[in-house]
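**Student:**
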Amino acid sequence: LASFERVLVSGDSLVDRFQAGAASSLSTSQKQGLWLFESRARCWKCHAGSNYTNESFHNTGVSWAKEPVDLGRYQGTKQEADRGRFKTPTLRDVARTAPYMHDGSIRTLAEVVAFYNRGGGKNPHLDGRIEPLGLSKEEEQFLVDFLKALRGSTNWTVNAP
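Just so we're on the same page, the working numbering is the position in the sequence shown counted from 1, plus 70.
1) Curious, which full-length alpha helix (DSSP H) runs of at least 4 residues does the segment 163-194 contain?
2) Does the beta-carbon distance from L96 to L106 come in below 8 angstroms?
3) Within the continuous alpha helix (DSSP H) that includes Y144, where are the two ends?
4) I think T158 touches H128, with their Cβ atoms under 8 angstroms apart; what is that distance to the nearest whole Å?
5) Run through DSSP, which three-state label would R221 get?
6) Here's the rule: buried if 16 or more other CB atoms are within 10 angstroms of the residue's CB, otherwise exposed. What is A111?
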């Protein structure tokens with residue numbers, strides 16, 4: 071599966087066009103979402119770069135208190151610091167990939183944004199980057215609108231070697 075995912079190409083989203091200088095590519099709401107993404111919401115701390123991922127592992131508290139316990143990266147490394155850590159996914163085409171989180175426990179992008187706005191799922195190993203954001207419902211919707219604008223303008227294509 072990982073090999074297949076590496077050959078998927080997603081681009082030419084509304085955000086890509088905006089960043090290339092086409093200011094009218096994004097709606098006012100999507101621009102507000104971009105501003106929040108890059109500022110108060112601090113999304114860029116984990117979803118950085120052209121693929122909107124830092125390729126690192128983080129504990130956001132998803133499924134922390136659920137059974138069976140999902141230990142994440144700890145299962146492979148046996149390092150205490152890796153308890154509940156999962157790899158940060160790309161946000162490209164995120165509107166196409168519901169349900170969300172490593173366990174599929176969050177159904178919509180609005181629910182994902184609300185989860186992070188609450189400060190994730192509290193646990194002793196929660197990543198220090200995850201804390202309540204203090205966003206209004208309108209600001210949460212701006213972020214959702216921005217995330218939807220990361221959808222590529224064409225269907226996924228396979229970039230075969």
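We put the beta carbon where it would ideally sit given N, CA and C, even for glycine.
Here the structure is a predicted model, which is why all the values come from computation and not from measurement.
**Tutor:** According to the structure shown:
1) Qualifying alpha helix (DSSP H) stretches, in chain order: 179-187.
2) Taking 8 angstroms as the Cβ cut-off, L96 and L106 do not qualify as a contacting pair.
3) Element bounds for Y144: Y144 to T147.
4) Yes, they are in contact, since the Cβ atoms of T158 and H128 sit about 6 angstroms apart, within 8 angstroms.
5) DSSP, reduced to helix, strand and coil, places R221 outside both helices and strands of the structure shown, so it counts as coil.
6) By the neighbour-count rule (16 or more Cβ atoms within 10 Å), A111 is buried.
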